[in-house]
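A.B. asks: For the sequence shown, the residue numbers in the numbering used here are 2 to 238.
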Amino acid sequence: MKERDRRQSWRATRRELAKTMSRRGRKWIREVWAASARTAAALERLSPVTTPLGRRLVESYAAREQADSAEMYRALSVALAYGYAVRTVIVEPTDQPRLKPSAFQLSAQTDVDRLANDEAMPKRLLDPVRSIASSDQFDSVMTLPPTVWNGFVATATMRLQRQFTNSNKAKLTWRELSRERIEKMLRYGYALRCLDEAIDAEPELRVPDSDSDTGTDADPVAEGLDTASQPRAARGG
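1. So if DSSP puts glutamate 177 in a beta bridge, which residue, or which two residues, is it bridged to?
2. What does the alpha-carbon distance come out to for the pair threonine 89 and aspartate 119?
3. With 16 other CB atoms within 10 Å as the buried threshold, where does alanine 64 fall?
4. Grouping DSSP H, G and I as helix and E and B as strand, with all else coil, what is glutamate 45?
5. May I have the straight-line CA-CA distance separating valine 222 from alanine 80, to the nearest angstrom?
6. Using a Cβ distance threshold of 8 Å, determine whether the segment 49 to 58 contacts the segment 147 to 163, with at least three qualifying pairs required.
7. Just to confirm my understanding: we take alanine 109, look at its own chain, exclude 5 residues before and 5 after, and list those with CB closer than 8 Å. What are they?
8. In terms of residue numbering, what span does the alpha helix (DSSP H) encompassing phenylalanine 165 cover?
9. Give the DSSP-derived three-state secondary structure of leucine 100 in the structure shown.
10. Please report the residue range of the alpha helix (DSSP H) in which threonine 144 lies.
11. Taking contact to mean 3 or more Cβ pairs, one atom from each stretch, closer than 8 Å, check whether the segment 147 to 155 and the segment 17 to 36 are in contact.
12. Based on the DSSP output, what are the partners of leucine 206 in its beta bridges?
13. Report yes or no: do three or more beta-carbon pairs, one from the segment 125 to 142 and one from the segment 198 to 209, lie closer than 8 Å?
14. Could you spell out the range, first to last residue, of the alpha helix (DSSP H) harbouring lysine 20?
15. According to the neighbour-count rule (16 or more other Cβ atoms, all chains shown, within 10 Å of its Cβ), is glycine 238 buried or exposed?
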């Protein structure tokens with residue numbers, strides 16, 4: 002059985018990280034992941050540009066995979082938000098390369114408000130974002146060793162499979178919410194943050210709630226992509 006075809010259990014994740022990373026490396030992954038989870042949980046939605054673009058990425062991928070249920074849409078949206086958050090957390094401490102607007106076929110003088118109000122924008126930016134998230138170009142914006150990125154993917158898969166498939170009420174199986182699908186969304190979210198950096202756009206953050214749990218185990222919610230705008234099929238209507 003291929004690694005990607007297995008359930009990403011806690012034991013499997015621990016074993017994988019132990020085989021590929023030092024103790025110090027594993028500790029760093031845990032710390033970065035905790036910070037990323039807090040960052041993702043703080044998102045109300047992405048920027049005015051990347052919110053509709055992220056929604057389109059999730060919709061098109063779910064349709065292509067014939068996995069467009071409301072629960073799958075939400076799970077994929079959460080994975081994308083995690084990818085966006087990981088980039089936010091590591092970009093400065095690890096000196097990750099930043100892209101210019103031209104990498105997304107935009108001019109250096111791109112106006113964020115005008116771009117956000119351009120109805121053709123999501124369609125025009127889909128291919129550049131997908132290209133940056135692809136295997137051929139991803140290492141131009143993610144320069145840490147492959148084992149580090151794989152550690153993020155393994156941890157995200159473990160967390161999301163536990164969140165969306167481990168209860169009696171779960172509507173997804175771990176095979177449906179596979180590691181391959183989760184990594185695709187992580188890469189998309191990571192690339193979307195690169196786009197926001199390039200055009201100086203920022204996400205909308207939640208208003209802090211004194212009663213909320215902001216611990217390291219916090220999970221982001223699908224509102225990071227504004228679930229009120231989910232596709233009609235995903236809403237069941």
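Ideal placement from N, C-alpha and C gives every residue a C-beta, glycine not left out.
C.D. replies: Looking at the coordinates:
1. Reading the sequence shown from its first residue, position 176 is the one you call residue 177. The partner list for glutamate 177 (beta bridge, DSSP) is empty, contrary to what the question assumes.
2. For this step, residue 89 is matched to residue 88 along the sequence shown. For this step, residue 119 is matched to residue 118 along the sequence shown. If I take the Cα positions, the gap works out to 25 Å.
3. Numbered from 1 along the sequence shown, position 63 holds the residue referred to as residue 64. The residue in question, alanine 64, is exposed, as its Cβ has fewer than 16 Cβ neighbours within 10 Å.
4. Residue 45 sits at position 44 when you count from the first residue of the sequence shown. Correct three-state label for glutamate 45: strand.
5. As a first step, residue 222 is located in the sequence shown; it is residue number 221 there, counting from the start. As a first step, residue 80 is located in the sequence shown; it is residue number 79 there, counting from the start. With a pLDDT of 38 at valine 222, under the threshold of 50, the modelled position of that residue is not reliable, and no figure is offered here.
6. no
7. By one-based count along the sequence shown, residue 109 stands at place 108. Contacts found: Lys101, Pro102, Ser103.
8. One-based indexing of the sequence shown puts residue 165 at position 164. Its alpha helix (DSSP H) spans residues 147 to 166.
9. Along the sequence shown, one-based indexing puts residue 100 at 99. Note: leucine 100 maps to coil in three-state DSSP.
10. On the sequence shown, position 143 is the one that residue 144 refers to. Threonine 144 -> no alpha helix (DSSP H), and no H or E assigned at all.
11. yes
12. The residue given as residue 206 occupies position 205 in the sequence shown. Its beta-bridge partners are Leu44.
13. no
14. Mapped onto the sequence shown, residue 20 falls at position 19. Counting along the chain, the alpha helix (DSSP H) containing lysine 20 begins and ends at 11 to 21.
15. Reading the sequence shown from its first residue, position 237 is the one you call residue 238. With a pLDDT of 36 at glycine 238, under the threshold of 50, the predicted position of this residue should be treated as unreliable, and no value is reported.
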